[in-house]
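Counting along the sequence shown from 1, when you hit position 155 you're at 155 in full-length UniProt numbering, and nothing is skipped either side.
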Amino acid sequence: MEILIDKNIVIRPENDIHKTDDDKMHSKNGEMIMERSIQYFDDVGKQNTDDVVKVAAERAEELGIKYIVLSSTEGHTALKMAEEVKGKDIKIIAITHQYGLREDGNWEMDEDNLKKLQKMGVLVTTQSHMFSGVERAISKRLGGASRADVISDTLRAVFGKGFKVALEVVMMAADSGHIPVSKDTEVIAIGGTRQGADVALVVRPAHSQNFFNLQVREILAMPRAKEEPK
């Protein structure tokens, strides 16, 4: 697996920069510039999970972020994340597939993993997916695409499925009341393309009805490749 390191250059007012000891700072035209590295994976998939978990934990600790929100269908990714931050003041919120996504009335979370996660203090929750729900049912029955479908498919096509999922689970966590939401709040958001994790972001969260208040502050890791549209 190839991991490419690139530089993420963010320009902000000096008093708004979350600088850590590992950040490189310099000034240009009166603006302070912070340089951070991004991990780029050569392909999507669960083989990237360990690297995503590591970079997410490191950046959360550097920035003093208290919440990591991640997608975890059966609990495997959540267990890895919980082990990585064990003993640290960081809360893990694992967002699963909603009930009935694959089969009516069925929840895909592994029962043994659920017990382990609960013992480790991980909050496991689910609800209707932000970019589907009732609008997806209308599209399936009547044809066409809803506005939520357009947002979802655009994020998936341009940035990749893991990126879309990371933003989706943050809103699900916010709407469930599991993370604080304010203009000053930042959380780590993690998503995956099929299994595991391949995207990690620093995000200012928002509730679903205020989707356009959600901000991606930093990209920590993502695949260069994307799944081709069907």
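All C-beta atoms in this analysis are idealised placements derived from N, C-alpha and C, irrespective of residue type, glycine included.
query                                                                                                                                              : result
Report buried or exposed for residue 113, applying the criterion of at least 16 other Cβ atoms within 10 angstroms of its Cβ.                      : buried
Taking the alpha-carbon positions, what's the residue 226 to residue 160 distance?                                                                 : 5 Å
With distances taken Cα to Cα, identify the nearest neighbour of residue 86 among 61, 110, 72, 96.                                                 : 61
Taking Cβ to Cβ, would you say residue 172 is nearer than 8 Å to residue 118?                                                                      : no
Could you tell me the distance, in whole angstroms, from the CA atom of residue 223 to the CA atom of residue 106?                                 : 31 Å
For the beta strand (DSSP E) containing residue 218, name the first residue and the last one.                                                      : 215-223
So is residue 198 buried or exposed if we call it buried at 16+ other beta carbons inside 10 Å?                                                    : buried
Using the beta-carbon count (16 or more within 10 Å), is residue 141 buried or exposed?                                                            : exposed
Tell me, which residues are paired with residue 201 by DSSP?                                                                                       : 189, 219
Could you tell me whether the stretch 179-199 touches the stretch 31-40, where touching means 3 or more Cβ pairs closer than 8 Å?                  : no
Does the distance from the CB of residue 93 to the CB of residue 178 come in under 8 Å?                                                            : yes
Less than 6 Å between C-beta atoms, sequence neighbours within five positions excluded: which residues of the same chain meet that for residue 46? : 195, 196
Looking at residue 131: is its Cβ nearer than 8 Å to the Cβ of residue 148?                                                                        : yes
Express the C-alpha separation of residue 80 and residue 53 in angstroms, rounding to a whole number.                                              : 7 Å
Going by the DSSP bridge assignment, what does residue 126 pair with across the sheet?                                                             : DSSP lists no partner for residue 126.
If I'm right that residue 221 touches residue 200 with Cβ under 8 Å, what's the distance once you round it to whole angstroms?                     : 5 Å
When DSSP labels each residue in this structure, what does residue 32 get in the three-state scheme?                                               : strand
Quick one: what does DSSP say residue 12 is sitting in, helix, strand or coil?                                                                     : For residue 12, the pLDDT reaches just 43, beneath the cut-off of 50, and the residue's location in the model is therefore unreliable, although a value from the coordinates is still provided. Residue 12 falls in the strand class under three-state DSSP.
If you measure between the beta carbons of residue 164 and residue 123, is that distance less than 8 Å?                                            : no
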